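> Mind having a look at this structure? Questions to follow.
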Amino acid sequence: MTGQEHDFEEQPAPVREFIESPDYLGLADEVYPVIVDVLEEIFEGGYTEAALCWGIGAGKSYTASLAITYQLHRVLCLANPQRYYGIGEGSTISFLNMSTNGEQARRVVFGEILSRIRRSPWFAQYEPRVMTRELRFPKEVVVISGNSAETYPLGYNVLGAVIDEVSWLPESEGGRRDAAEEIYNALQRRIRSRFMDAGLLMMISSPRHRGDFLERKMEEATWNKRIYASR
Numbered sequence: 145m146t147g148q149e150h151d152f153e154e155q156p157a158p159v160r161e162f163i164e165s166p167d168y169l170g171l172a173d174e175v176y177p178v179i180v181d182v183l184e185e186i187f188e189g190g191y192t193e194a195a196l197c198w199g200i201g202a203g204k205s206y207t208a209s210l211a212i213t214y215q216l217h218r219v220l221c222l223a224n225p226q227r228y229y230g231i232g233e234g235s236t237i238s239f240l241n242m243s244t245n246g247e248q249a250r251r252v253v254f255g256e257i258l259s260r261i262r263r264s265p266w267f268a269q270y271e272p273r274v275m276t277r278e279l280r281f282p283k284e285v286v287v288i289s290g291n292s293a294e295t296y297p298l299g300y301n302v303l304g305a306v307i308d309e310v311s312w313l314p315e316s317e318g319g320r321r322d323a324a325e326e327i328y329n330a331l332q333r334r335i336r337s338r339f340m341d342a343g344l345l346m347m348i349s350s351p352r353h354r355g356d357f358l359e360r361k362m363e364e365a366t367w368n369k370r371i372y373a374s375r
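Take the numbering used here: the final residue in the sequence shown is number 375, and no numbers are missing along the way.
Following this line, the structure appears as structure tokens:
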């Protein structure tokens with residue numbers, strides 16, 4: 145994150161300190177070291193996208209929940225996030241979690257985010273308003289649990305997003321329609337139109353088949369240095 149010192153009410157913690165320190169999430173005894181290493185690489189490497197093709201039980205949803213929670217921390221440290229990012233005063237800054245269906249999105253990554261925040265001494269100062277599919281914070285910052293409709297991101301100022309189980313979104317016969325690619329395009333348009341390269345879009349899934357959307361992003365990462373890829 146860039147910016148002048150006067151832009152911040154407090155300086156954001158480095159990602160490792162944020163995850164491990166009892167002042168923030170206090171997960172030093174819980175989180176696998178490789179997950180912290182991955183998040184350090186993502187946030188310190190200037191990436192705008194991250195593709196995690198991990199097997200079942202490898203911790204990809206857990207990792208994505210930590211990523212959004214850390215982005216929340218960095219935004220809430222700003223004195224005026226809207227002014228910092230050059231969007232209208234009073235505009236809402238959104239973080240979206242999308243999955244194969246609304247209930248999956250709410251139960252998995254969104255549930256992990258809520259659990260992290262409820263246990264964190266640092267987030268206690270903000271007293272987020274907890275709704276069924278939203279966490280609303282001061283400074284007009286919100287976390288939203290969405291669904292698999294490519295139109296869902298429309299109208300939101302999206303700074304960060306996760307597409308969960310991206311390889312398992314519907315594909316039409318013959319590849320004429322790929323829901324994962326449509327959702328990706330909708331989210332990426334929202335992020336780039338409002339925040340340029342300051343946002344982060346994560347795509348996570350267990351593998352499905354060669355040539356699916358996540359596999360294509362993994363291949364793109366071999367030449368596109370703005371995409372972090374991990375298998």
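The C-beta atom is built at its ideal place from N, Cα and C for all residues, glycine as well. Here the structure is a predicted model, which means the values were calculated and not measured.
Start and end of the beta strand (DSSP E) containing I257?
From DSSP, I257 is part of no beta strand (DSSP E) but of the alpha helix (DSSP H) over 253-262.
> Rounded to whole angstroms, what's the CA-CA distance from Q155 to A323? Just pull it up for me.
When rounded, the distance between both Cα atoms is 39 Å.
> Which one of F339, E193, R160 has the shortest CA to CA distance from I237?
Per the Cα distances, F339.
> Is it a yes or a no for the stretch 333-348 touching the stretch 166-182, going by three-plus beta-carbon pairs under 8 Å?
In short, these stretches do not touch, since the Cβ pair count stays below three.
> Beta-carbon separation of E256 and S209 under 8 Å?
Yes, the Cβ-Cβ distance between E256 and S209 is below 8 Å.
> Roughly how many angstroms lie between the CA atoms of G190 and T366, to the nearest whole one?
Those two C-alpha atoms are separated by around 16 Å.
> Quick check: the Cα distance between R263 and Y228, rounded to an integer number of angstroms?
So the two alpha carbons sit approximately 28 Å from each other.
> Determine the contact status of I261 and R277, defining contact as a CB-CB distance below 8 Å.
Going by C-beta atoms, I261 is not nearer than 8 Å to R277.
> Counting C-beta neighbours from all protein chains within 10 Å, is the total for P282 16 or more, i.e. buried, or is it exposed?
It counts as exposed.
> Could you check how far apart the C-beta atoms of A195 and I371 are, in whole angstroms? I think they sit under 8 Å.
Yes, A195 and I371 are in contact; Cβ-Cβ is about 6 Å, under 8 Å.
> Identify the residues that DSSP records as bridge partners of E193: which are they?
Answer is L345, I371.
> Rounding to the nearest angstrom, what Cα-Cα distance links F254 and F152 in this structure?
Distance between the alpha carbons of F254 and F152 is about 27 Å.
> Quick one, which of S349, D356, V286, P166 has its alpha-carbon nearest A202's?
For A202, the nearest C-alpha among the options comes from S349.
> Measuring only the C-alpha atoms, how far is L183 from T207?
Going from the Cα of L183 to the Cα of T207 covers about 8 Å.
> Rank W198, C197, R218, I200 by C-alpha distance to the C-alpha of V159 and give the top, closest one.
The residue with the shortest Cα to Cα distance from V159 is R218.
> Output the distance between the C-alpha atoms of R334 and L216, rounded to the nearest integer angstrom.
Rounded to the nearest angstrom, the two C-alpha atoms are 18 Å apart.
> Suppose you measure from the CA of N241 to the CA of N301; what does that come to, to the nearest Å?
Looking at the two C-alpha atoms, the distance is approximately 14 Å.
> If I follow the unbroken alpha helix (DSSP H) through D308, where does it start and stop?
Premise fails: D308 lies in the beta strand (DSSP E), 301-308, not in any alpha helix (DSSP H).
> May I ask you to report which of helix, strand or coil DSSP gives S238?
S238 falls in the strand class under three-state DSSP.
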